[in-house]
Amino acid sequence: MKTKPSLEQALCIVALLGIQDRDVPLHGRLVAEHLGISTSYLKKIVQKLASAKIVKTVSGRDGGIVLTKDPNQITLLDVFDAIEGTVPFVKNTGLVKKIFGFDQKPKFMKMYDLPDLKDQQPIANALAVFGDAEQRYRQELATLSIGQISPISAGQPLQLDWTEWIKQHSAE
1 MKTKPSLEQA
11 LCIVALLGIQ
21 DRDVPLHGRL
31 VAEHLGISTS
41 YLKKIVQKLA
51 SAKIVKTVSG
61 RDGGIVLTKD
71 PNQITLLDVF
81 DAIEGTVPFV
91 KNTGLVKKIF
101 GFDQKPKFMK
111 MYDLPDLKDQ
121 QPIANALAVF
131 GDAEQRYRQE
141 LATLSIGQIS
151 PISAGQPLQL
161 DWTEWIKQHS
171 AE
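The sequence shown finishes on residue 172 if you use UniProt numbering, and the numbering steps up by one all the way, no holes.
Here is the structure:
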C-alpha cells in the first residue's frame with residue numbers, strides 16, 4: 001500500500017496544532033512556509049481535515065487553523081481516514097469466485113477426469129488475508145492519539161504559540 005504524500009503533511013499539521021495554544025489560531029501561510037509547501041496545497045489538506053472535523057479555520061486578521069477537539073481525542077486513524085479515505089485497500093470484485101468458485105465443479109472434474117477436487121487453501125481465503133491485514137492496520141492506527149505523540153514539559157502537554165518560532169525559522 002502506498003499513501004499520499006499529504007498524509008505525512010497532514011500528520012505534521014495536526015501535531016503542530018496539537019501543541020498550538022487553542023486560543024491562538026495558527027496562520028496558514030506560516031504553516032505552509034514551515035512545511036515547505038504552497039498555501040494552495042495546504043488549503044487542500046486543511047479542507048480534508050476540516051471535512052473530517054479534525055480542524056477548522058478561523059477567518060479574520062488574527063485567523064488561521066485550529067484543532068476542533070483535544071489532541072488526545074484525535075487518533076492517527078482519524079488523520080489517515082481524512083486523507084486516504086475509508087475505501088478498502090483491496091476490493092473483492094467477485095472475480096475470484098467467478099474463476100475459482102467452480103460453480104460447475106462436477107463438469108470440471110469430469111472434463112479433466114479428476115477423482116476428487118479439494119481446495120487446500122481457497123484463493124478467496126487468501127484474498128481475505130488482505131482484509132484482515134487492513135483491519136489490523138486500522139486497529140493499530142486507532143491506538144495512538146496526537147496527544148500521545150506530542151511533547152510534554154513538566155509532566156504537562158506542551159501548549160505554546162508557534163507563530164514567533166515559525167516566523168524566525170521559516171526564513172532560515
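Virtual Cβ for every residue (Gly too), placed ideally from N, Cα, C.
* Which residue comes first and which comes last in the beta strand (DSSP E) that contains residue 143? -> That residue, residue 143, is in no beta strand (DSSP E); it is neither H nor E in DSSP.
* With 16 as the cutoff for other CB atoms within 10 Å, does residue 27 come out buried or exposed? -> By the neighbour-count rule (16 or more Cβ atoms within 10 Å), residue 27 is buried.
* Asked: Does the Cβ-Cβ distance between residue 53 and residue 65 come in under 9 Å?
  -> no
* Tell me the start and end of each unbroken beta strand (DSSP E) in the stretch 51–138 that is at least 3 residues and wholly inside, in chain order. => 55–58, 64–67
* Can you tell me which of 48, 38, 39, 1 puts its alpha carbon nearest to the alpha carbon of residue 14? => 48
* Asked: Can you list, in chain order, the residues of its chain whose CB lies under 8 Å from that of residue 32, leaving out five sequence neighbours each side?
  -> 38, 39, 41, 42
* According to DSSP, is residue 20 helix, strand or coil? -> Of the three classes helix, strand and coil, the one that applies to residue 20 here is strand, per DSSP.
* To do: Could you give the DSSP three-state label for residue 156: helix, strand or coil?
  => strand
* To do: Look up residue 49 in the DSSP assignment and give the residues it is bridged to.
  => The partner list for residue 49 (beta bridge, DSSP) is empty, contrary to what the question assumes.
* Asked: Between which two residues does the alpha helix (DSSP H) harbouring residue 26 extend?
  -> Premise fails: residue 26 is in no alpha helix (DSSP H) and is neither H nor E.
* **8 Å contact criterion, which residue 18 and residue 67 should meet: CB distance rounded** => 6 Å
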